[in-house]
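Chains as they are written, first to last, in the numbering used here: chain A, 1 to 143; chain B, 1001 to 1302. C-beta atoms are modelled at their ideal positions from N, C-alpha and C, and glycine is treated no differently.
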């Protein structure tokens, strides 16, 4: 066989390895109650409010609000992260909204997906990622 | 089934590791088969990102990999095999791969007497994660990455005389390296080592890094106790047969190498018969001309 043409044999080819980590999420959700001011851009009936997040990730947040909103409703969120006095402002869209149960009965549990940042180095996105990475490292590696 | 044991490089930190990391061993490659698996992983992931063009060998290799002072590290799962890899290439008369784009910046460091090493060939098996997972905000990906970087730093601190680690990467990874406080080193350039894709470069001085451990959670993890060199004693040293298979038969790395590169390689393996290793890949006149003296230091521009 000519040099440079020997076939190689490699293990684990073609195997779906995602089950290895049993986690198909794109981003880690941190259960954090961060103060948040929101504005829901419902056509002709926008409304604002303030509450605390249920959880937070680099992809979006979950919160509980008093009114139902349709998926895809645009929104603006101003979140105050722990140890970061300057609030961060994000734009996003409602991903889902459902009637709350248990302690959230009478309100609406809402998931919001952040709009993708325009550049790799968007400062707001960078700050959020740094915050999340630090939390994950401290939680899992004792750093 | 291969058994796993607590990692000797982590000590009591092993107890706080998430359980999924405990099934993974982080260490230098120990066999040619592992090395091949790592090279194939890099190739596969880099082809997906268009960092390399498809080639028949399906291995991402270069002359630097043949050098004994280059170390390939793997994250190897006890059931699956190699799921992550990273490489540390110490500076030599052949320079570093990223000299191709950042030679002036690297030479400035060399003139200060800094001993450099390049971190390269970082790859995690993309099939482990859903599409679009960002390492900074996904626990398992972040910790896999952190653990790989830690084994590189442990090796650099315990087993080498390296002063500074340098690296270059696609700008989309800038957030991560900025978070790890690596210093900027040269601006945006197109790098032939990654198929002409854009790249930026950063560096980490190991002495400065110690001061970061006070505040930065990642560095508290990276730079705990002084690491032992013992876990790295089983690092793979290529035999003549390994060199021939990987760099002559499986690829044409040695056939494409310059006389200077081959002469330096011969110096690195003084007991190996290089004529036999590269037989058939080069004309005999080229082989006989491989006895030119090789400089001891990396080349710098004055």
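query	result
Under the three-state DSSP convention, the category residue 1293 of chain B falls into	The pLDDT assigned to residue 1293 of chain B is 49, lower than 50, so where the model puts this residue is not dependable; a value taken from the coordinates is nonetheless given after this. In this structure, residue 1293 of chain B counts as coil in the three-state DSSP scheme.
Residue 58 of chain A to residue 127 of chain A span [Cα, whole Å]	10 Å
Where the alpha helix (DSSP H) containing residue 1278 of chain B begins and where it ends	Neither: residue 1278 of chain B is in no alpha helix (DSSP H) and is coded neither H nor E.
One or two residues paired with residue 1168 of chain B in a DSSP bridge	B/1201
Chain A contact for residue 1139 of chain B (CB, 8 Å cutoff)	yes
Proximal residues to residue 1020 of chain B (C-beta, below 8 Å), its chain only, five neighbours per side dropped	1140
Distance between beta carbons of residue 73 of chain A and residue 62 of chain A, contact taken as under 8 Å	About 15 Å; that fails the 8 Å criterion.
Three-state class that DSSP yields for residue 1043 of chain B in the structure shown	helix
Alpha-carbon spacing of residue 1235 of chain B relative to residue 1066 of chain B, whole angstroms	13 Å
Those runs of the alpha helix (DSSP H) which lie wholly inside the segment 1227-1255 of chain B and span at least 4 residues	1240-1244
Beta-carbon proximity check, residue 967 of chain B vs residue 1027 of chain B, cutoff 8 Å	Given that chain B is displayed from residue 1001 to residue 1302, the structure contains no residue 967 of chain B and the question cannot be resolved.
Limits of the unbroken alpha helix (DSSP H) element including residue 1065 of chain B	1063-1066
Per DSSP, the bridge partner or partners of residue 111 of chain A	A/62 and A/96
Collapsed DSSP secondary structure at residue 116 of chain A in the structure displayed	coil
Helix, strand or coil at residue 1078 of chain B according to DSSP, with G and I counted as helix	coil
8 Å Cβ cut-off: residues of chain B touching residue 124 of chain A	Neighbours of residue 124 of chain A on chain B: none; closest Cβ ~12 Å, over 8 Å.
8 Å contact criterion, which residue 1180 of chain B and residue 140 of chain A should meet: CB distance rounded	With 8 Å as the limit, residue 1180 of chain B and residue 140 of chain A do not qualify as a contact, their Cβ atoms being about 16 Å apart.
Where residue 34 of chain A sits in the DSSP three-state scheme	coil
Whole-number beta carbon distance between residue 124 of chain A and residue 88 of chain A, since they are thought to touch under 8 Å	5 Å
Per-residue DSSP class, three states only, for residue 76 of chain A	strand
Straight-line Cα distance separating residue 1156 of chain B from residue 1223 of chain B	11 Å
Residue 1154 of chain B, DSSP secondary structure in three states	helix
Any C-beta of chain A under 8 Å from that of residue 1218 of chain B	yes
Beta strand (DSSP E) segment containing residue 1026 of chain B, residue limits	1024-1028
For residue 1134 of chain B, the first and last residue of its enclosing alpha helix (DSSP H)	Note, residue 1134 of chain B: premise wrong, no alpha helix (DSSP H); not H, not E.
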